[in-house]
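Q: Shown below is the structure under consideration.
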Amino acid sequence: MTLASQIPLAALPSPTTAVWQVGPFPIRAYALCILVGIAVACWVTERRLRQRGVAPGAVLDIAVWAVPAGIVGARIYHVVTSPERYFGTGGEPLKALYVWEGGLGIWGAVAGGAVGAWFAARQLGIPFAVVADALAPGLPLAQAVGRLGNWFNNELYGGPTTLPWGLEIHRMDPDTGRALRDDAGQPILEQGLYHPTFAYEALWNLGVAALVLLLDRRLKLGRGRAFALYVMGYTAGRFWIELMRTDEANTILGVRLNVWTAGVVFLGALVYFLWVRGPREYLIPIGEVPAPASESDVSQVDLSAREADSGPAAPAGYRVVGEEQFRRWRETGEVPPEPETGNSSDDPPADRPLEPGDREPVHRTAGDGEPGAADAADAPVTRPADHRDS
1 MTLASQIPLA ALPSPTTAVW QVGPFPIRAY ALCILVGIAV ACWVTERRLR
51 QRGVAPGAVL DIAVWAVPAG IVGARIYHVV TSPERYFGTG GEPLKALYVW
101 EGGLGIWGAV AGGAVGAWFA ARQLGIPFAV VADALAPGLP LAQAVGRLGN
151 WFNNELYGGP TTLPWGLEIH RMDPDTGRAL RDDAGQPILE QGLYHPTFAY
201 EALWNLGVAA LVLLLDRRLK LGRGRAFALY VMGYTAGRFW IELMRTDEAN
251 TILGVRLNVW TAGVVFLGAL VYFLWVRGPR EYLIPIGEVP APASESDVSQ
301 VDLSAREADS GPAAPAGYRV VGEEQFRRWR ETGEVPPEPE TGNSSDDPPA
351 DRPLEPGDRE PVHRTAGDGE PGAADAADAP VTRPADHRDS
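Every letter in the sequence shown is one number past the one before it in full-length UniProt numbering, and letter 349, counting from 1, is 349.
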């Protein structure tokens, strides 16, 4: 069999350059892909947050905390799971801080980003579950874009293949981000073609994003269940894709660490998805007067003041309400009454409809017997005016 007969008629090419120099500054393709992915996730999350009642621009306040925390978490996970590169024989501990040289772990990125998003949501008065559900389809889209960076780096590929989409792999210089070249000046290729596992994961993530959007629209997921659905979808794909990779990795009982991680995280997300119940949360701002239905309802003085204002003030916080109350508020500006605080622990919250298994809340008055008398005793007593003091 000749060598030519062993070479497939089609193959996917790989870039020979992953870093471009702009003056003294290196521009890395991987970093650009991550930035574009972050922008996509922010755009999707902003739209979904606004659909649930969050004020415009809140996603930027969240991203200010979530993105740096995600990068730190991703780097910590990479260093902890690959310590020999930095703390082993011949390692350089200081390089553990060199994030720009590559080495990020998605598990740490999600965990660190979640901590940052939780902190930001707490400052804004937004329930963290609302933020997580809004982010659920945007995160796999960001991951799909980020995986293109692996293509530029000629990394994270699988075993040899003769399939038409087999990938050519260049031998890259990690210091320059460019392909090594032979004496004739041609880029040096690894022998054979390989599974583009990063592309498999990118396509899988696009499917996960579509699945989350579809089921979220049909089932009206809330309470963090849309995010749990994303986690299940992503980890299911990462499980089988990880088994195809051949690059060096830490193992437990002969199985790659990321395979174990994907399995454990999948089970945790599945338990959460099945255990947690409840309708989707909608938010009404606190400390902000709802906009009138038309300009005719506003005086000319108010219109002038609005035009002079640079933008609406951020609300002090948010109230969680049901879907019907939220729709009524958006259509009419009618703010639903505050939920009653005298309900027992078994009573459903006043701001959501009754569900199967809920009991009707009991509102007693002073004429209903002993419980009513107790309620009356707890009520403030108004004394008649004492005219003797006048």
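Think of the CB as a built atom: it goes at the ideal place given N, C-alpha and C, for glycine as much as any other residue. All values derive from a computational prediction rather than experimental measurement.
Please tell me whether residue 208 has its Cβ less than 7 Å away from any Cβ of chain B.
A: Checking the listed chains, one finds no chain B in this structure; it contains a single protein chain.
Q: Does residue 232 come out as helix, strand or coil in the three-state DSSP assignment?
A: DSSP places residue 232 in helix when its eight states are reduced to three.
Q: Spatial neighbours of residue 72 within its chain, please: C-beta separation below 7 Å, excluding the five flanking residues on both sides.
A: Answer for residue 72: 112, listed in chain order.
Q: I'd like the list of long-range same chain contacts for residue 260, defined as Cβ closer than 8 Å, with 5 residues on each side in sequence excluded.
A: 252.
Q: From residue 303 to residue 39, what does the alpha carbon distance come to, in whole angstroms?
A: A caution first: residue 303 carries a pLDDT of 40, below 50, which makes its placement in the model unreliable, though a value can still be read off. Rounded to whole angstroms, residue 303 to residue 39 spans 34 Å at the Cα level.
Q: How would you write the range of the beta strand (DSSP E) that residue 116 sits in, first residue to last?
A: It is not in any beta strand (DSSP E) - residue 116 instead sits in the alpha helix (DSSP H) that spans 106–124.
Q: For residue 133, does the count of other Cβ atoms within 10 angstroms reach 16, so buried, or fall short, so exposed?
A: Buried: at least 16 other Cβ atoms inside 10 Å.
Q: Beta-carbon within less than 7 Å of residue 210's beta-carbon, same chain only, minus the 5 sequence neighbours each way: which residues are those?
A: Excluding residues within five positions, none has a Cβ falling inside 7 Å.
Q: Okay, do the region 142–159 and the region 235–251 touch, 3+ Cβ pairs below 8 Å being the bar?
A: In short, these stretches touch, since the Cβ pair count reaches three.
Q: Could you give the DSSP three-state label for residue 317: helix, strand or coil?
A: Residue 317: strand per DSSP, three-state reduction.
Q: If you check the beta carbons only, do residue 124 and residue 58 fall under 7 Å apart?
A: Closer than 7 Å, so yes.
Q: Could you check if residue 285 is buried or exposed, using at least 16 other CB atoms within 10 Å of its CB as the buried criterion?
A: Per the 10 Å Cβ criterion, buried.
Q: Rounded to the nearest angstrom, what separates residue 397 and residue 131 at their Cα positions?
A: Examination of residue 397 is not possible in this model, given that the chain is present from 1 through 390 alone.
Q: What did DSSP end up calling residue 223 once you bin it into helix, strand or coil?
A: The answer is coil: DSSP assigns residue 223 none of H, G, I, E or B.
Q: Considering only C-alpha positions, which residue in the set 89, 198, 51, 165 is nearest to residue 329?
A: Residue 51 is the option with its Cα nearest to residue 329.
Q: Of the choices 17, 60, 12, whose alpha-carbon is the least far from that of residue 175?
A: Nearest of 17, 60, 12 to residue 175, Cα basis: 17.
Q: Give the single residue among 321, 199, 87 whose Cα lies nearest to the Cα of residue 238.
A: It is 199 whose Cα lies nearest to the Cα of residue 238.
Q: Whole angstroms are fine: how far does the CA of residue 77 sit from the CA of residue 86?
A: Each residue's alpha carbon lies about 13 Å from the other.
Q: Which of helix, strand or coil does DSSP assign to residue 308?
A: With a pLDDT of 44 at residue 308, under the threshold of 50, the modelled position of that residue is not reliable, and no figure is offered here.
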